[in-house]
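In terms of the working numbering, the sequence shown opens at residue 10 and continues consecutively. The C-beta atom is built at its ideal place from N, Cα and C for all residues, glycine as well.
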Amino acid sequence: MPDQITIPAIAADESLYPIEKIEAHRLGVLHQAVSIFVFCGADLLVQRRAAGKYHCGGLWANSCCSHPHWGESLQGCAERRLEEELGLSLPLTQVGAIEYAADVGGGLREHERVAVFQTQANRQTLDIRPDHEEVSEVRWETPRRLHREAAERPEVFAPWFRIYLDRWDELGL
């Protein structure tokens with residue numbers, strides 16, 4: 010199970026209130042999140058989540074995703090988690106937002122309003138240092154190829170990443 014982290018949930022009136030991350034996922038409460046997409050030209054850096062993650066372990070997902078801590082900015086969260094998960098410090102630009110809900114197994118449900126960040130990087134000079142408690146492996150692939158692969162083998166992709174691939178035009182990338 011994850012550490013007891015407090016994240017911002019979104020009330021019906023759009024105000025924010027604190028909730029424990031695991032509770033937000035148990036109840037399916039709408040909450041803030043970030044998703045990061047690191048590109049090298051048209052290729053996207055994707056990660057396989059570590060097997061020990063409390064949900065969706067071993068599944069492929071976008072470059073990085075997380076939840077801001079209560080009181081943390083979305084930009085700050087994106088920068089922090091990219092460094093923590095992949096050892097990368099890159100300039101990030103928020104390019105859009107998307108809202109989705111998905112069953113992630115184990116009685117947990119994501120209901121997220123996601124700030125979408127992107128960056129371009131040079132893979133020849135990029136020093137990717139994954140935290141192996143978070144990420145088991147990484148690879149580069151075009152979004153078109155990932156979409157085809159997710160259609161053929163959906164069980165190897167995290168539910169939110171399948172949603173992102175299906176709704177690619179909404180992401181602002």
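Have a look at Ile14 and Ile31 and give me their C-alpha separation to the nearest angstrom.
Approximately 8 Å between the Cα atoms of the pair.
Per the DSSP calculation, Arg148 is bridged to which residue(s)?
The partner list for Arg148 (beta bridge, DSSP) reads Val55.
Going straight from the alpha carbon of Pro139 to that of Val47, what length do you get?
Each residue's alpha carbon lies about 14 Å from the other.
Where DSSP assigns a beta bridge to Gly85, which residues make up the other side?
Paired residues: none, contrary to the question.
Tell me the rounded alpha-carbon separation between Glu146 and Leu117.
Going from the Cα of Glu146 to the Cα of Leu117 covers about 24 Å.
How long is the line joining the alpha carbons of Asn71 and His78, rounded to whole angstroms?
Spanning the two alpha carbons is a distance of roughly 20 Å.
If you drop the 5 nearest sequence neighbours on each side, which residues of the same chain put their C-beta closer than 7 Å to that of Glu150?
Counting only Cβ-Cβ distances below 7 Å, and skipping sequence neighbours, we find Asp52, Leu53 and Val55.
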